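What follows is a set of notes on a single structure, which appears directly below.
Set out below in structure tokens:
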């Protein structure tokens with residue numbers, strides 16, 4: 561079966577998102593059972609992300625609790641059409657987890673705990689559906705398009721909670737090089753996920769430089 | 468931040484690899500700049516895929532976490548009521564707010580017990596079906612939210628009693644309050660503001676003493692008749708309500724009462740129901756008042 565990017569996977573994912581959006585609307589109205597529904601659906605993903613980033617079970621629990629309270633209070637900020645509810649919620653978990661590990665590092669300046677609204681990483685993420693439907697071989701193939709240094713930079717940023725300056729210090733690499741590793745790595749993943757025919761990524765990759 | 472400075476930070480931004488202050492500056496730029504930001508769109512779309520690509524080890528969170536989160540959300544809701552804070556089945560038939568407070572009916576699932584009738588008339592029902600335990604706690608939270616609007620206004624009704632009765636009731640209540648203050652001063656004590664449930668007037672304050680007993684000072688209670696008792700319940704997270712003792716109320720409509728000890732951590736819900744007789748193990752009568760146990764520290768944020 562030739563399943564295109566906009567095939568069955570996309571449809572399945574969007575019916576989940578319809579249900580998530582309905583639940584989120586009820587959360588906005590203050591309905592606790594809708595929050596419970598979203599929690600039940602994403603608790604494992606949320607906790608696993610928090611645990612991977614913090615490497616500390618108790619801290620990961622705090623992160624998930626803070627994140628779901630943030631979702632509870634700020635559900636009205638979710639903007640339909642700019643990423644799925646799942647992506648929005650997990651971005652909040654990620655953001656809180658990174659805050660938690662940075663707070664553990666005394667050198668990093670952080671704003672007040674409650675001052676940070678949910679992150680605005682809300683740009684279209686139509687490829688998350690594609691990625692969700694990939695099998696292990698396809699995932700391995702996508703990751704293989706990255707060089708080791710690109711993968712390291714992305715992992716230190718996304719899973720390590722390091723800033724690009726910290727990555728430069730940690731790896732003894734100039735900041736400009738870190739920036740282009742992260743950028744070219746993401747563009748490379750994008751190409752691997754959506755296919756070669758994506759002119760945007762090709763065009764953007766062209767003016768990269770190191 | 469200029470447009471080109473923002474573009475330069477796009478990759479780090481979508482990965483969350485900027486200092487939070489710098490991140491806020493980029494977000495501000497995106498919100499105000501009319502130029503296209505194709506770089507951001509191209510890069511951010513990949514980020515959710517990182518979750519799939521990472522071979523993330525899936526770990527179930529501890530079961531208690533969900534209960535803590537829901538208790539915290541319920542407490543938040545009680546502190547900051549929202550206009551639509553009713554469950555879906557009630558939303559469709561929500562009446563317009565009446566004089567004293569909005570009076571949406573509390574939804575009753577087909578199999579739900581009469582534990583939570585929203586109007587006094589429903590109290591007579593005698594089904595003893597159990598509803599989902601958590602559902603029960605949710606309904607309490609919903610009631611707290613609904614009554615928070617006009618709760619204290621209703622206590623004025625109590626002042627319609629005769630002056631003498633009022634004085635007696637005030638003395639009784641004073642004594643009860645003194646006991647609450649005593650308990651509240653104990654190490655690790657928690658305090659509870661009990662607000663009336665819909666259709667009820669009962670209100671008061673309680674402290675949970677070191678040993679877990681709940682010391683209540685309640686007023687504006689409807690006097691009990693016959694075998695009726697007010698039963699106190701402790702509800703922790705998703706657990707079933709635990710009965711901790713009951714008392715009767717005479718015409719002074721006031722009560723001071725100390726319950727049996729129970730496990731009642733911060734966030735636990737304390738509820739008072741009017742039971743047809745002593746010894747209920749599941750609330751069957753109407754809930755008349757509820758509150759959330761708060762640790763002193765949590766009141767300071």
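Residue numbers (our numbering), protein chains in the order written: chain S, 561 to 770; chain E, 468 to 768.
Built from N, CA and C at the ideal position, the CB exists for glycine as well.
Note that the structure is predicted; figures quoted are calculated from it, not measured.
A distance below 7 Å between beta-carbons, with the five flanking residues on each side excluded, links residue 538/E to the following residues of its chain, in chain order: 704, 734. As DSSP reads the structure, residue 713/E sits in a beta bridge with 698/E. The contact set of residue 742/E on chain S, defined by CB atoms closer than 8 Å, is empty, because the minimum CB distance reaches about 26 Å.
The beta carbon of residue 590/S falls within 8 Å of a beta carbon belonging to chain E, placing the residue at that interface. Look at residue 733/S: its C-beta is not under 8 Å from any C-beta on chain E.
In the three-state reduction of the DSSP assignment, residue 741/E falls in the strand class, which pools E and B. Annotated three-state conformation of residue 670/E is strand, per DSSP. With respect to the C-alpha of residue 705/S, the residue from 751/S, 620/S, 638/S having the closest C-alpha is 751/S.
Taken atom to atom, the span from the alpha-carbon of residue 651/S to that of residue 483/E is near 9 Å. Per the DSSP secondary-structure output, residue 517/E pairs with nothing in a beta bridge.
In this structure, the straight-line span from the alpha carbon of residue 601/S to that of residue 738/S is close to 36 Å. The criterion of a C-beta distance shorter than 8 Å is satisfied by residue 702/S and residue 520/E. Of all residues in the segment 514–531 of chain E, the ones placed with a Cβ closer than 8 Å to any Cβ belonging to chain S are 514, 515, 516, 517, 518, 519, 520, 521, 522, 523, 524, 525, 526, 527, 528, 529, in chain order.
Using beta-carbon distances, residue 581/S does not count as an interface residue toward chain E, since no partner is under 8 Å. Of the residues assessed, residue 741/E falls on the buried side of the cut-off, its CB having 16 or more other CB atoms within 10 angstroms. Beta-bridge partners assigned by DSSP to residue 756/E: 663/E, 739/E. Shown here, residue 645/S sits in a helix according to DSSP, grouped into three states.
Taking a 10 Å sphere around the C-beta of residue 729/S, we find fewer than 16 other C-beta atoms and assign the residue as exposed. For residue 673/E against residue 688/E, the beta-carbon gap comes to about 14 Å, at or over 8 Å, which does not count as contact. Going by DSSP, residue 612/S is part of the alpha helix (DSSP H) stretching over 592–614. Taking a contact as a CB-CB distance under 8 Å, the pair residue 682/E and residue 650/E counts as one, their CB atoms being some 4 Å apart.
Near chain E, meaning a CB-to-CB distance below 7 Å, the residues of the segment 644–666 of chain S are 647, 650, 654, 655, 658.
The C-alpha of residue 699/S is placed about 53 Å away from the C-alpha of residue 659/E. Secondary structure note for residue 725/E: its beta strand (DSSP E) is the uninterrupted segment 722–725. Excluding its 5 nearest sequence neighbours in each direction, residue 635/S has C-beta neighbours in its own chain below 7 Å: 584, 587, 588, listed in chain order.
Shown here, residue 685/E sits in a strand according to DSSP, grouped into three states.
Across the structure, residue 478/E and residue 578/S are spaced so that their CA atoms are roughly 29 Å apart. At a cut-off of 8 Å between C-beta atoms, residue 536/E counts as an interface residue with respect to chain S. In the displayed model, residue 722/S falls within coil according to three-state DSSP, outside both helix and strand. Taking C-beta atoms under 8 Å as the contact rule, residue 757/E and residue 676/E fail to qualify, at a distance of about 19 Å. For residue 525/E, the secondary structure class from DSSP, reduced to helix, strand or coil, is coil. Per DSSP, residue 638/S is not a residue of any alpha helix (DSSP H), being assigned neither H nor E. For residue 468/E, there is no enclosing alpha helix (DSSP H), as DSSP marks it with neither H nor E. At a cut-off of 8 Å between beta-carbon atoms, residue 549/E makes contact with chain S. Annotated three-state conformation of residue 733/S is coil, per DSSP.
Residue-level contact check: residue 486/E touches chain S, since one or more beta carbons of chain S fall below 8 Å from its beta carbon.
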